[in-house]
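Top to bottom, those sequences are chains A and B.
Per my numbering, numbering through the first sequence is continuous, rising by one, with the last residue being 671.
Per my numbering, numbering through the second sequence is continuous, rising by one, with the last residue being 671.
Every residue, glycine too, gets a C-beta built ideally from N, C-alpha and C.
Bear in mind the structure is a predicted one, so any value in this text is a computation, not a measurement.
Notes follow the structure.
2 protein chains.
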Amino acid sequence: MFEKINAYAKRCLPFTDEELAHFDSLLQYKKQPKKTFLLLEGEVCQFEAFILKGCIRTYHIDQSGAEVTLQFAIEDWWVSDITSFTEQKPSLVYIETLEDCELLILTPETKEKLLTAVPGFERMFRLMVQRNLAQLQERLFRTISTTAVEKYLDFLNRYPAIPQRVAQHYIASYLGFSPEFLSKVRKKLSAQ
Amino acid sequence: MFEKINAYAKRCLPFTDEELAHFDSLLQYKKQPKKTFLLLEGEVCQFEAFILKGCIRTYHIDQSGAEVTLQFAIEDWWVSDITSFTEQKPSLVYIETLEDCELLILTPETKEKLLTAVPGFERMFRLMVQRNLAQLQERLFRTISTTAVEKYLDFLNRYPAIPQRVAQHYIASYLGFSPEFLSKVRKKLSAQ
DNA sequence: GATCATTTTTGACATAGGGCAAAGATACTC
DNA sequence: GAGTATCTTTGCCCTATGTCAAAAATGATC
Chain A
480 MFEKINAYAK RCLPFTDEEL AHFDSLLQYK KQPKKTFLLL EGEVCQFEAF
530 ILKGCIRTYH IDQSGAEVTL QFAIEDWWVS DITSFTEQKP SLVYIETLED
580 CELLILTPET KEKLLTAVPG FERMFRLMVQ RNLAQLQERL FRTISTTAVE
630 KYLDFLNRYP AIPQRVAQHY IASYLGFSPE FLSKVRKKLS AQ
Chain B
480 MFEKINAYAK RCLPFTDEEL AHFDSLLQYK KQPKKTFLLL EGEVCQFEAF
530 ILKGCIRTYH IDQSGAEVTL QFAIEDWWVS DITSFTEQKP SLVYIETLED
580 CELLILTPET KEKLLTAVPG FERMFRLMVQ RNLAQLQERL FRTISTTAVE
630 KYLDFLNRYP AIPQRVAQHY IASYLGFSPE FLSKVRKKLS AQ
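Given below as structure tokens:
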């Protein structure tokens, strides 16, 4: 049950087995069926979830009603709205399962306990936020300065496991253009 | 010299006067003339700078040679490449003064000392990174789902002090469209 | 204050990508 | 396995924005 998440933590920082045991003892296992919501816009996010199994999408609905996908997450990723979680403010996003999921969950309370008991985790979570920030910056640069074809190819490269698991129009909404246009992009690419 | 930065810190968290005095003792004052670089792409960022006076722009140059502005910063803002600074990795961005600047600087060493001596500051910097992340997310959503006119009006609203201080084509490069088109957007808006 | 450099504006034309509607293809559901 | 819902593809036409080049405006320098 905890092998994957322990391996994840060890890849970040050299935790001891006791520290990891403490970590594990605070995690809650949760199943969440396909096509259901972990978080709705306006709610306060009460979890940080590590995905043992499944696929999850985080998205925002803009003023004209269109969805913009912020993140796809699969096995070995964390999912949360960190801003909402840490500041306990209403979220701007929906978090929805695309497949049946198995999760390991931290709540504000268990995370608090963890950070008090094993301060090293503070660093791990800080690194996670920081990497998130760095990736988001790079994504903004790409969103502004590359063409649809480049965006799509880059996505395939960066997240090769995703296209097989999620509907194409979700990828279009991640990349920031219409599903019809993604279809045209794919046609063009396959013609070459 | 330290009133502004102390006020800034107090707005974040309720620091005591001794804590602030310690903070102040670690800051280095630095003047930086107009149109010079605090950081070049490829360098490792060795500072987090609080702006006492002046105006600074952070930008990236994409593969086709176009500039994408990541941030404008004026009095009371912090400037750094946090990813480069904390992980001591080469930066992707240029940080350039647009006006003569006066700064208060933390280096990796002084920041380390500060966090050890006054752990409360750990929280302040974490909040700063997190707000940065939240704002960047919202900006990505706007970049993807609003029109040039909306982007420009939103910018004016969000950063009313900036347009008077920076060249228009820099604003275009922040918003993600060409300077010519920004000019046309402005014409359209003024005609109404 | 004349000169030179940098910005901004304007106009003509080109193009990437959007919106809509219909047709095909896949995938669930009972 | 038929029927229904969802997703993807296609074609047509439309619009927002880009590109280029020139002119106009503004600003910096001696």
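Listed in chain order, the non-local C-beta contacts of leucine 594 of chain B below 7 Å within the same chain comprise Phe600, Glu601, local neighbours out to five positions each way being set aside. By the CB criterion at 7 Å, valine 572 of chain A and alanine 528 of chain A fall outside the cutoff.
Counting only Cβ-Cβ distances below 9 Å, aspartate 541 of chain A has contacts in chain B at Phe620, Arg621, Ile623, Ser624, Thr625, in chain order. With a threshold of 16 other beta carbon atoms within 10 Å, serine 652 of chain B meets it and is buried. Using a Cβ-Cβ distance cut-off of 8 Å, the segment 516-523 of chain A and the segment 564-578 of chain A are in contact, since at least three pairs of beta carbons, one from each stretch, lie closer than that value.
Sequence-distant partners of aspartate 541 of chain B (beyond 5 residues in either direction) whose C-beta falls short of 8 Å from its own C-beta, in its chain, are Val547.
Listed by position along chain A, the residues whose Cβ is nearer than 8 Å to that of leucine 612 of chain B are Ile561, Thr562, Val608, Asn611, Leu612, Leu615. Annotation: alanine 646 of chain B to glycine 533 of chain B spans about 15 Å, alpha carbon to alpha carbon. Distance from the CA atom of arginine 637 of chain A to the CA atom of threonine 537 of chain B, rounded to whole angstroms, is 26 Å. For threonine 548 of chain B, the secondary structure class from DSSP, reduced to helix, strand or coil, is strand. The Cβ atoms of glutamate 498 of chain A and valine 608 of chain A lie no closer than 7 Å to each other. Listed in chain order, the beta strand (DSSP E) elements of length 3 or more contained wholly in the segment 559-605 of chain B are 573-576, 580-585. What leucine 549 of chain A touches in chain B, judged by beta-carbon distance under 7 Å, is Gln616, going in chain order. Of all residues in the segment 516-533 of chain B, none has a C-beta nearer than 8 Å to a C-beta of chain A. Here lysine 513 of chain A is not near aspartate 555 of chain A, since their CB atoms are 7 Å or more apart. For arginine 536 of chain A, the enclosing beta strand (DSSP E) covers residues 535-540. When the five nearest sequence neighbours on each side are left out, the beta carbons in the same chain lying within less than 7 Å of the beta carbon of leucine 606 of chain A are those of Cys491, in order along the chain. Not a single C-beta of chain B is nearer than 7 Å to the C-beta of glycine 599 of chain A. Scanning its chain for C-beta atoms nearer than 8 Å, with the 5 sequence neighbours on each side dropped, one finds around tyrosine 487 of chain B the residues Phe529, Asp555, in chain order.
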